[in-house]
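K.L.:
In terms of the working numbering, the sequence shown has 586 at position 351, counting the first letter as 1, and numbering is strictly consecutive.
No residue lacks a Cβ here, since even glycine has one placed at the ideal position from N, Cα and C.
Can you keep this structure in mind? I'll have questions shortly.
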Amino acid sequence: MTISAVTESTPEDLAFQRFVLDLALQPLDRFDGFDRIEQIAASALRYQLNFIGYGLAMAQYTRTPAFTGYLAEAQRNAIRKMCDKRVWGYWALESLIGYGRYETDPIRHANVMYSGYFGVMLGLYETLNRDGVFDRPGSLRLRWNETRAHDYDFARLAGAVQRNMLANPKCAQYPCEPHLIYPICNVFAFNTLVLHDRLHGTALTGDLVERIRDSYLTEGWRTRSGRFIPGRLGPSLTISRPVLGYDAGMVAWLNATMPDLARDTWTTIRDRYVDFDGTTLRLRGNARARVDLGNYNVVNGDGMTRTFLATAAAEMGEPELAAALVRSLGEQHLTLESAGARRFQGPSTVTNAHHVLARFTRADALRELITGAIPEAWRTGPVLADAAYPDVLVARAVTDGSALELVLRPGAGPKRVRLAVHRLAPGREYRLTGAVEQALTADAEGRAVFEVELDDRRAVAVVPG
236 MTISAVTEST
246 PEDLAFQRFV
256 LDLALQPLDR
266 FDGFDRIEQI
276 AASALRYQLN
286 FIGYGLAMAQ
296 YTRTPAFTGY
306 LAEAQRNAIR
316 KMCDKRVWGY
326 WALESLIGYG
336 RYETDPIRHA
346 NVMYSGYFGV
356 MLGLYETLNR
366 DGVFDRPGSL
376 RLRWNETRAH
386 DYDFARLAGA
396 VQRNMLANPK
406 CAQYPCEPHL
416 IYPICNVFAF
426 NTLVLHDRLH
436 GTALTGDLVE
446 RIRDSYLTEG
456 WRTRSGRFIP
466 GRLGPSLTIS
476 RPVLGYDAGM
486 VAWLNATMPD
496 LARDTWTTIR
506 DRYVDFDGTT
516 LRLRGNARAR
526 VDLGNYNVVN
536 GDGMTRTFLA
546 TAAAEMGEPE
556 LAAALVRSLG
566 EQHLTLESAG
576 ARRFQGPSTV
586 TNAHHVLARF
596 TRADALRELI
606 TGAIPEAWRT
616 GPVLADAAYP
626 DVLVARAVTD
636 GSALELVLRP
646 GAGPKRVRLA
656 VHRLAPGREY
666 RLTGAVEQAL
676 TADAEGRAVF
686 EVELDDRRAV
696 AVVPG
């Protein structure tokens, strides 16, 4: 991967990114702008937070890998909001009804729909930001009341995921709702283990990927055409036929560990359900049968399906199709804008957040993030560590290991802004272009601050002198 692989966000990209940034950067105890319907099924707060985290991580990877600042803060906030009891407190009643056990801990037993998706948020954040804040014991505190709390960190959460996947020797997948097993949720579970093993040198994954792959192929989780059974009651009683958006989700998130199966499933759904000649796009089938599960819109709910398909198309290397699917959302739905942040009217918050993931991803990007295809220069080179939001919108930020290239746009009108850069060579002089100053000298910790007159698109470079 080269520095040129990092593309620049358009003003439209940045406007849609601001929607999820605003959701994540609000105070931790607030959920303004989130859908609040119920917390058990697909409209729950946890899924909105998950895809906010995934979308922001993807934007960082493909556009601004040398920017931490408010982009990393927003991802941390989404993770911390996952620890709010309003997000996970549903589990005590659900566990009591489904298993006959009063369990206030939403991670210890079953419940892959919380733990699996949460683990991927943690792994993507740590992969991109070299920040082990959630590796600290108790950094993920789930407080039930004044006397009871469940303390987790990335390692303890990943360990719980592994124990649940090993609990039933006949089925390595574990339930979401009591006794109900969904392959898509379990893909996030074993991606959690893959991420933790890579980041921390553990061996939690073991043979689980191979076991689940074998289960897909021999125990009826995939049809002969390569489509997936969305869910079963226990390991054998099928409760749903294949669903287009579901298959697309499996394609995108399986590509890291089972790329051949992902490709096979993509070929099936691409050939059977998508007509695209490079200009005109049509999805076959009954659009009214496609529901936005984020708000249960059954009248015009296929926006969720289109975002899943767009993400899969990009991951599978069909950028023109992915772009057409993203454009189709704007053709089908009004666009709302508030204080510079843009979203689609009608689709749920989780679909709007997933749209950000689809908009910013590219071929094999999820595969690379999960398996750790991060250039060493990005891990060690200079980063833009602080910029005021929304005054500064970072459209591109990349390093070759010694220099830093930025493209900035104003988000709150023209003004002079201060930028902080970290991971410079201590005491070294650097030349500046596009800034008020012409040069700077890094302090003993490799840090420096400079100013930029920001009135339109501004390219800035920090280059060793």
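Compare the beta carbon distance of A547 and A487 with 8 Å and say whether it is the shorter of the two.
P.N.:
Working through the sequence shown from its first residue, we reach residue 547 at position 312. Working through the sequence shown from its first residue, we reach residue 487 at position 252. Contact: yes.
K.L.:
Do E243 and V642 have their C-beta atoms within less than 8 Å of each other?
P.N.:
One-based indexing of the sequence shown puts residue 243 at position 8. One-based indexing of the sequence shown puts residue 642 at position 407. Result yes, Cβ atoms of E243 and V642 sit closer than 8 Å.
K.L.:
What runs of the alpha helix (DSSP H), each 4 residues or longer, lie entirely inside the region 278-318?
P.N.:
Restricted to the region 278-318, the alpha helix (DSSP H) segments that are unbroken, complete and at least 4 residues in length are 280-297, 304-316, listed in chain order.
K.L.:
On the DSSP bridge list, what partners appear for S573?
P.N.:
For the purposes of this step, residue 573 is taken as the residue at position 338 of the sequence shown. According to DSSP, S573 bridges with A576.
K.L.:
Where does A497 fall in DSSP's three states?
P.N.:
Translated into the one-based positions of the sequence shown, residue 497 becomes position 262. DSSP places A497 in helix when its eight states are reduced to three.
K.L.:
What beta strand (DSSP E) runs, 3 residues minimum, are completely inside the region 322-409?
P.N.:
Complete beta strand (DSSP E) runs here, min 3: 375-378, 384-387.
K.L.:
Could you tell me which residues DSSP puts in a beta bridge with L439?
P.N.:
Within the sequence shown, the letter at position 204 stands for residue 439. Answer is none; L439 lacks a bridge partner.
K.L.:
Taking DSSP's pairing of strands, which residues face D248 in a bridge?
P.N.:
If you number the sequence shown from 1, residue 248 lands on position 13. Paired residues: none, contrary to the question.
K.L.:
Quick one: Cα of V629 to Cα of E445, how far?
P.N.:
Locating residue 629 in the sequence shown gives position 394, where the first residue counts as 1. Locating residue 445 in the sequence shown gives position 210, where the first residue counts as 1. Rounded to the nearest angstrom, the two C-alpha atoms are 41 Å apart.
K.L.:
Would you mind working out which of D635, D690, L377 sits nearest F353, comparing C-alpha positions?
P.N.:
Looking up residue 353 in the sequence shown gives position 118. That would be L377, whose Cα lies nearest to the Cα of F353.
K.L.:
May I ask you to list the residues that DSSP assigns as paired with R644?
P.N.:
One-based indexing of the sequence shown puts residue 644 at position 409. Its beta-bridge partners are L628.
K.L.:
Quick check: what's the CA-CA separation for G484 versus N426?
P.N.:
If you number the sequence shown from 1, residue 484 lands on position 249. If you number the sequence shown from 1, residue 426 lands on position 191. About 14 Å.
K.L.:
From what residue to what residue does the alpha helix (DSSP H) around F543 run?
P.N.:
As a working note, residue 543 is residue 308 in the sequence shown. Run containing F543: 538-550, per the alpha helix (DSSP H) assignment.
K.L.:
Could you check if I474 is buried or exposed, using at least 16 other CB atoms within 10 Å of its CB as the buried criterion?
P.N.:
Start at 1 with the first residue of the sequence shown, and residue 474 comes out as number 239. Exposed.
K.L.:
Under 8 Å by Cβ, that's how I've got G538 and T586 pegged, so tell me the actual separation to the nearest angstrom.
P.N.:
For the purposes of this step, residue 538 is taken as residue 303 along the sequence shown, with counting starting at 1. For the purposes of this step, residue 586 is taken as residue 351 along the sequence shown, with counting starting at 1. Sure, about 5 Å apart at Cβ, within 8 Å.
K.L.:
Within 10 Å of its beta-carbon, does S573 have 16 or more other beta-carbons around it, so buried, or fewer, so exposed?
P.N.:
Against the sequence shown, residue 573 aligns to sequence position 338. Exposed, by the Cβ-count rule.
K.L.:
Taking contact to mean 3 or more Cβ pairs, one atom from each stretch, closer than 8 Å, check whether the region 591-602 and the region 549-563 are in contact.
P.N.:
yes
K.L.:
Strictly by DSSP, which residues pair up with L689?
P.N.:
Here residue 689 refers to the residue found at position 454 of the sequence shown. Under DSSP, L689 takes part in a beta bridge, and its partners are K650.
K.L.:
Taking only runs of the alpha helix (DSSP H) that begin and end inside the region 471-532, which ones reach a length of at least 4 residues, in chain order?
P.N.:
479-489, 494-508
K.L.:
Can you tell me which of the three DSSP states D270 falls into?
P.N.:
Indexing the sequence shown from 1 puts residue 270 at position 35. DSSP places D270 in coil when its eight states are reduced to three.
K.L.:
On the three-state DSSP scale, how would you describe T635?
P.N.:
In the sequence shown, the residue the question calls residue 635 occupies position 400. One detail in the question is off: residue 635 reads as Asp in this sequence, not Thr. Residue state, collapsed to three classes: coil.
K.L.:
By Cβ distance, which residues of its chain are closer than 7 Å to I314, with the 5 residues on each side in sequence left out?
P.N.:
The sequence position of residue 314 within the sequence shown is 79, counting from 1. Contacts found: G288, M356, L357, Y360, F369.
K.L.:
I need the straight-line Cα distance from P645 to A292, nearest angstrom please.
P.N.:
If you number the sequence shown from 1, residue 645 lands on position 410. If you number the sequence shown from 1, residue 292 lands on position 57. If you take the alpha carbons of P645 and A292, they lie about 22 Å apart.
K.L.:
Relative to the C-alpha of W613, which candidate in V422, R658, A345, Q580 has its C-alpha closest?
P.N.:
Along the sequence shown, read from residue 1 onward, the residue named residue 613 stands at position 378. Out of V422, R658, A345, Q580, R658 has the C-alpha closest to the C-alpha of W613.
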